[in-house]
Amino acid sequence: ADAGLRGAVTGGAQMDGFIDLFTKIIVDAGMDEGYIFRKRQLELPGFFRPTKEWDLVVVKDGHFITAVEAKSQVGLKLL
């Protein structure tokens, strides 16, 4: 179990709306949805580790286009 407020940001589903929006923007820019991968195990080699999981990956004709990871954070509220 997550301590404190961490549980509010570790569930994963709270960022789905942003991934939906990113997908729509990419499609509206002319990319066919068949090249957009999401909601699957999307792992690519990473700079700091052998593999990195992503929320959205676009690959067209074998060419990497982009990868997106959506993160939410909980912290102190600034006044």
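Using our numbering, count along the sequence shown one by one with no gaps and you end on 659.
All C-beta atoms, glycine included, are put in the ideal place defined by N, C-alpha and C.
Residue range of the unbroken alpha helix (DSSP H) whose run includes residue i
i	result
K604	596 to 608
Counted within 10 angstroms of its Cβ, other Cβ atoms place residue i as buried (16 or more) or exposed
i	result
D635	buried
I606	buried
Residue from the options with nearest C-alpha to residue i
i	options	result
L622	G614, Q594, I599, A647	A647
K640	V654, R629, G610, K632	G610
H643	K604, I616, T603	I616
For residue j and residue i, the rounded distance between their alpha carbons
i	j	result
V637	D612	13 Å
A588	I599	With a pLDDT of 49 at A588, under the threshold of 50, the modelled position of that residue is not reliable, and no figure is offered here.
L658	D596	26 Å
A620	L656	In the sequence on display, residue 620 carries Arg and not Ala. Approximately 33 Å between the Cα atoms of the pair.
S652	Q594	8 Å
E649	G626	13 Å
The beta strand (DSSP E) enclosing residue i, as first and last residue numbers
i	result
V654	No beta strand (DSSP E) holds V654; DSSP gives it neither H nor E.
R618	616 to 618
F644	643 to 648
L636	636 to 640
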